[in-house]
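When you number the sequence shown by the numbering used here, it's gap-free, plus one each residue, and the end is 470. First comes the structure, then the notes that go with it.
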Amino acid sequence: MAKYNFFEQVNKNFDKAAAYTKFDKGILSQIKMCNTVYHVSFPLRRDDGSVEVIEGWRVEHSHHKMPTKGGIRYSHKVDEDETMALAALMSYKCALVDVPFGGAKGGVKISTRSYSESELERITRRYTFELVKKGFIGPGVDVPAPDYGTGAREMGWILDTYRQMKDDLNAEACVTGKPISQGGIRGRTEATGRGVYFGIREALNVKKDMDALGLEVGVEDKTFCVQGLGNVGYHASKYMTEAGAKLIGVAEIEGAIYDPAGIDLEALMAYRKETGSIIGFGTSKELSDNSMIFEMDCDIMIPAALESQITAENANKVKAKIIAEAANGPVTADAHEMMKERGALIIPDTYMNAGGVVVSYFEWLKDIQHVRYGRMNKKFDEGSLLKIVRELESISGKAYNTADLERLTYGAGEADLVDSGLEETMITAYNQITEIREQHNLNDLRTAAFINAIQKIGIMYEQMGIFP
Ligand code: NAD
């Protein structure tokens with residue numbers, strides 16, 4: 003497969019959208035560039051006593067808002083180009099969903115399967131040490147989060163290392179996606195996949211677009227395939243199936259399966275845990291190669307693994323009517339054009355997977371406020387609602403039973419508020435994108451999403467002035 007320069011792909015999309023804005027060329031160049039790129043290498047003492055050199059990066063793409071924000075990826079494919087591209091996407095994503103951060107991304111070039119847990123802990127702590135030493139982490143500076151190959155466990159190690167090195171009252175806000183016991187927030191683990199579901203639901207509710215695709219409005223009964231059953235792919239599939247969509251194809255590292263009769267997600271997860279593979283599950287048919295997933299019949303294809311999966315080489319074989327980019331950069335710029343040509347609807351990554359950073363923002367807010375959402379008002383709200391219900395009872399003469407009372411007087415806790423904030427954000431952002439699409443008579447959600455982001459960041463640069 004041809005090697006794509008990921009940052010160049012992002013910039014192609016940027017340039018296409020920038021032509022619809024009125025910003026000075028210099029401002030556009032400033033938005034596009036990565037402000038700081040930090041490359042680090044350090045030694046790891048392996049469990050067998052040998053020493054290995056580990057490479058990592060942290061890229062801060064845009065300082066138009068502070069702190070900068072973006073995940074940390076662990077993969078043997080990590081390199082500077084990929085980290086720069088992902089950092090840039092973070093700036094556009096944050097702008098799009100009105101999260102007041104600049105974009106950043108980190109990466110460590112390791113295959114997590116090749117290291118023990120204690121080796122991964124040493125790598126994570128040393129990488130964090132390097133970030134602290136050079137000022138690339140802190141609640142007001144740069145705030146990492148999980149990405150491919152990392153999760154709450156790694157974020158906990160990062161916080162602990164930061165706290166040992168810094169006397170910082172807001173230390174917990176130096177990283178998001180942490181375990182709840184360490185200042186994490188309810189709903190962060192599932193946030194990206196949950197956001198993917200909300201985003202697809204919004205797209206499926208636009209009658210004009212569904213008519214053009216020959217699909218009914220709504221999630222129910224839509225068929226979908228997913229590439230990657232990790233954090234994002236699993237949660238997106240979970241919420242899609244809960245809403246009545248049918249999972250019919252799955253690709254993982256070991257291969258791919260397809261079953262038009264439907265795949266039971268939880269049973270598949272249990273089967274994979276037990277056997278180490280998705281192959282041979284139920285009545286599903288094994289595909290000859292895991293990339294064959296893109297060629298299968300389905301309404302919606304959800305790539306949720308890595309970038310450059312649908313390229314000029316396979317774009318013409320993709321049968322799905324909707325491509326929901328849960329992963330970052332799964333469709334190259336030329337593949338996008340080819341699929342658009344045949345009328346496919348591509349829901350772009352900058353919007354599609356923004357749920358993660360939205361809830362990370364809520365977590366950061368919680369940590370700098372040092373108080374859990376709902377703690378101050380849950381009881382008060384429940385008391386107020388109870389007063390209203392008692393009034394209703396006295397007016398109507400009806401007495402509610404305990405179950406009704408609990409339902410009617412329920413006060414929102416942290417998980418409810420996070421979920422409602424995420425849903426509201428995904429709806430608002432989709433409306434903004436489709437409005438821009440109409441305004442410019444575009445047949446392309448990605449360009450509309452980029453225009454939206456460029457406008458918001460460009461105005462910041464224009465208003466803040468440039469140092470002499
Ligand atoms: P993850 O490590 O939890 O899961 C990725 C899964 O993809 C793994 O199970 C892996 O085995 C599988 N995979 C890798 N290569 C594959 C291939 N060729 N075919 C099929 N499966 C393959 O990672 P994640 O956090 O779910 O991230 C997935 C994507 O979503 C990445 O592009 C990431 O940047 C993006 N994303 C993640 C978050 C987040 O909150 N975790 C937020 C925004 C975007």
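From the three backbone atoms N, C-alpha and C, an ideal C-beta is built for every residue, glycine too.
Excluding five sequence positions before and after T243, the CB atoms of its chain that fall closer than 6 Å to its own CB belong to L249, L267, given in chain order.
In the three-state reduction of the DSSP assignment, I280 falls in the coil class, being assigned neither a helical nor a strand state.
Per DSSP, the beta-bridge partners of W59 are H41, G109. Rounded to the nearest angstrom, the Cβ distance from P146 to G257 is 32 Å, too far for a contact under 8 Å. Counting C-beta pairs with one atom in each stretch, the segment 295-310 and the segment 274-281 have fewer than three that are closer than 8 Å, which means they do not touch.
Taking I202 as the centre and dropping the five residues before and after it, the same chain places the C-beta of A326 closer than 6 Å to its C-beta, in chain order. DSSP lists L249, I302 as the bridge partner or partners of F226. Excluding its 5 nearest sequence neighbours in each direction, M340 has C-beta neighbours in its own chain below 8 Å: A314, A317, N318, listed in chain order.
Selection H63, P262, I295, N292 evaluated against G284 yields P262 as nearest (Cα-Cα). Distance from the CA atom of K210 to the CA atom of E309, rounded to whole angstroms, is 30 Å. Taking 8 Å as the cut-off, the beta carbon of K287 is found closer than this to the beta carbon of I259. By the C-beta criterion, the segment 85-99 is judged not to be in contact with the segment 124-133, since fewer than 3 inter-stretch pairs fall below 8 Å.
Assignment of L289 by DSSP, reduced to helix, strand and coil, places it in the coil class.
When the beta-carbon positions are compared, G108 and W59 come within less than 8 Å of each other. In this structure, I304 has its CB at a distance of at least 7 Å from all heavy atoms of the ligand NAD. Distance from the Cα of V361 is smallest, within the candidate group K111, M212, I187, T163, for I187. Between the segment 351-358 and the segment 191-200, the count of C-beta pairs closer than 8 Å reaches three or more; the two stretches touch. Counting the other CB atoms within 10 Å of its CB gives V221 a total of 16 or more, which places it among the buried residues. In the assembly as shown, S52 is an exposed residue. Its beta-carbon has fewer than 16 other beta-carbons within 10 Å.
For K71, the uninterrupted beta strand (DSSP E) segment begins and ends at 70-76. DSSP places V333 in the strand class (E or B) of the three-state scheme. Your pair A328 and P305 checks out as a contact, with CB atoms roughly 6 Å apart and the cut at 8 Å.
No Cβ-Cβ contact shorter than 8 Å links G423 with K381. Distance from the CA of Y76 to the CA of A253, rounded to the nearest whole angstrom, comes to 20 Å. Take F25, set aside five residues on each side of it, and the residues of its chain with a beta-carbon closer than 6 Å to its own are G460, in chain order. The three-state secondary structure of Y164, taken from DSSP, is helix. Close CB contacts of E365 within its chain, under the 7 Å cut and outside five residues either way in sequence, are with T178, G186, I187, R190 (chain order). Annotated as distal: K224 and A193, with beta-carbon spacing of 8 Å or more. For the options A19, Y6, I397, the alpha carbon positioned closest to that of I438 is the one of A19. Separation of T449 and F16 (C-alpha to C-alpha, rounded to the nearest whole angstrom) is 8 Å.
Annotation for Y6 indicates a beta carbon at 7 Å or more from all heavy atoms of the ligand NAD. For L171, the number of other beta carbons within 10 angstroms of its own is below 16, and it is reported as exposed.
Remark: the C-beta of T194 is in contact range of the ligand NAD, defined as less than 7 Å to any heavy atom. Per DSSP, the beta-bridge partners of V53 are R47. In the three-state reduction of the DSSP assignment, D144 falls in the strand class. Y260 carries a strand assignment under DSSP once its states are collapsed to helix, strand and coil.
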